[in-house]
Amino acid sequence: CPPLVIGAKLYEVAKHGVVATFGCVTEGVIMNLESWKKVPEAQKKIIESVSRNPFKTTGGLNRDAYKVMMKEITDKGVTLYDLPSTETEKWYEGFREVTRKWVADLEGKGLPAKEVVKMYNQECEKRGVKVVAFPREWA
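Take 11 as the starting number for the sequence shown in my numbering and just add one per residue.
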């Protein structure tokens with residue numbers, strides 16, 4: 011994740027990286043409950059406001075920002091490698107298997123998980139996003 015590599019200055023210790031899509035991660039903000047209790051109420055409102063939707067707050071990681079970050083990482087001396095397509099496909103199939111199991115578990119509880127995952131995939135495709143964890147046989 012380029013923002014993490016840059017933000018945590020991982021380029022100082024990691025001189026090699028693999029460019030790979032492992033799916034999208036959800037963004038979230040977490041805090042120790044005891045620490046949260048010590049935060050003044052006015053600051054809690056600010057934290058809750060800006061962390062409720064990090065994508066909206068930051069503008070998200072769009073393709074242009076991604077390119078700039080990747081260049082910054084290589085400019086910092088990190089050598090980047092692409093996974094061979096056969097290896098990438100192995101990872102994607104693993105993700106699809108996780109989706110299949112997750113859906114089967116939820117469907118076993120009477121929830122319409124497969125329908126929701128299919129709907130999610132359709133919405134992503136409308137926006138030009140490929141969900142690598144979406145099982146092909148459900149298309």
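Don't be surprised by glycine CBs; every beta carbon is placed ideally from N, CA and C.
Selection 148, 57, 52, 112 evaluated against residue 129 yields 148 as nearest (Cα-Cα). Residue environment analysis places residue 83 among the buried positions, since at least 16 neighbouring C-beta atoms fall within 10 angstroms of its C-beta. From the listed residues 141, 145, 12, the smallest Cα separation to residue 74 is found for 12.
As far as DSSP is concerned, residue 130 takes part in no beta bridge. In the three-state DSSP reduction, residue 89 falls in the strand class (E or B). For the set 41, 62, 86, 50, the Cα lying nearest the Cα of residue 26 is the one of 86.
A direct Cα-Cα distance of roughly 27 Å separates residue 133 from residue 97. For residue 118, the enclosing alpha helix (DSSP H) stretches over residues 95–118. Per the C-alpha coordinates, the member of 18, 23, 17, 14 positioned closest to residue 89 is 23.
Take the alpha-carbon of residue 91 and the one of residue 43: they are about 40 Å apart. Under the 10 Å beta carbon count, residue 31 is surrounded by fewer than 16 other beta carbons and is classified as exposed.
The three-state reading of DSSP puts residue 138 in coil, since its state is none of H, G, I, E or B.
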